[in-house]
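One structure is given here, and the rest of the page talks about it.
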Amino acid sequence: MVGVEIYTNNRLIQLTDKLETICVLRKATPDELTSSSGPHDSYPRIYALNSQWMVAPISKVSIPQHGVGLEVYDEQGKMKFSSLAKLVCFEKYYDVNTGSAGKGSLRIAGKSGHRYGMIKTRSMGYFHNTNIRSYIDPDTWDEVWTFKRYSERYVLVDDVGGLTFEYRYEFLGEEDGWISMPPSREGSGLMEQGLMIDVSMLED
Numbered sequence: 006m007v008g009v010e011i012y013t014n015n016r017l018i019q020l021t022d023k024l025e026t027i028c029v030l031r032k033a034t035p036d037e038l039t040s041s042s043g044p045h046d047s048y049p050r051i052y053a054l055n056s057q058w059m060v061a062p063i064s065k066v067s068i069p070q071h072g073v074g075l076e077v078y079d080e081q082g083k084m085k086f087s088s089l090a091k092l093v094c095f096e097k098y099y100d101v102n103t104g105s106a107g108k109g110s111l112r113i114a115g116k117s118g119h120r121y122g123m124i125k126t127r128s129m130g131y132f133h134n135t136n137i138r139s140y141i142d143p144d145t146w147d148e149v150w151t152f153k154r155y156s157e158r159y160v161l162v163d164d165v166g167g168l169t170f171e172y173r174y175e176f177l178g179e180e181d182g183w184i185s186m187p188p189s190r191e192g193s194g195l196m197e198q199g200l201m202i203d204v205s206m207l208e209d
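Just so you know, we're using this note's numbering here: the sequence shown kicks off at 6 and counts up by one.
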């Protein structure tokens with residue numbers, strides 16, 4: 006080992022002077038929960054049941070340098086860690102799929118009483134189109150299509166003491182006016198994968 010490396014008790018690397026620490030910028034405001042037009046949208050977000058946090062590498066976060074506390078720099082003098090930053094606390098990797106959860110639920114256990122969120126690496130589901138019918142539009146005389154649309158996915162239903170995902174098959178509504186026949190199913194998989202994050206210390 007050359008430089009600084011710190012590991013967790015299960016031998017996962019937690020800190021190294023070769024990589025920038027991922028820090029929490031701030032909690033997302035209500036109007037940012039569904040938007041993706043901000044300056045930090047190229048970075049992942051932490052999703053909890055009713056909250057989101059924006060994260061970024063430490064070089065993109067405003068933190069006083071040569072301040073109070075522990076600081077780690079690389080050989081070029083670039084900051085890689087500061088104890089003044091709010092750090093992303095990685096707990097474990099999760100993988101929810103048809104093999105592990107089926108059409109039921111799956112709980113990824115954490116510490117009792119702690120609240121958890123997730124950084125998604127893969128979130129996939131299906132759209133199902135049923136009752137597909139075509140008719141002639143009386144205004145344009147074009148053949149158009151109408152159908153009922155459903156979603157099939159895993160959703161987060163509890164974030165205290167771990168993450169609990171539940172299978173859902175839900176009616177989304179009726180679609181009308183499609184100019185081509187829709188497929189009966191859209192999507193390439195059904196799964197939720199990512200990093201489980203302890204957000205207990207991030208709450209206001």
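Glycine is no exception: its CB is placed at the ideal position from the N, C-alpha and C atoms.
- In this structure, the beta-carbon distance from GLY199 to ILE124 falls below 7 Å.
- The three-state reading of DSSP puts LEU89 in coil, since its state is none of H, G, I, E or B.
- In the three-state reduction of the DSSP assignment, GLU37 falls in the helix class, which pools H, G and I.
- With a cutoff of 7 Å on beta-carbon distance, LEU75 and SER56 are scored as not near each other.
- Of all alpha-carbon atoms in MET84, LEU168, ARG127 and PHE132, the one lying nearest the alpha-carbon of LYS97 is that of LEU168.
- Two segments are said to touch when three or more pairs of C-beta atoms, one from each, lie closer than 8 Å; by this definition the region 100 to 117 does not touch the region 135 to 147.
- Taken in chain order, no unbroken stretch of alpha helix (DSSP H) lies wholly in the region 118 to 169 with a span of 4 residues or more.
- Distance from the Cα of PHE176 is smallest, within the candidate group GLU157, ASP46 and LYS116, for GLU157.
- Under the 10 Å beta carbon count, VAL73 is surrounded by fewer than 16 other beta carbons and is classified as exposed.
- In the structure shown, LEU207 falls within a helical segment according to DSSP collapsed to helix, strand and coil.
- Residue pairing for TYR99: DSSP places it in a beta bridge opposite GLY199.
- In the three-state reduction of the DSSP assignment, ILE68 falls in the coil class, being assigned neither a helical nor a strand state.
- With contacts defined as CB atoms closer than 7 Å, VAL162 and ARG120 fail to qualify as a contacting pair.
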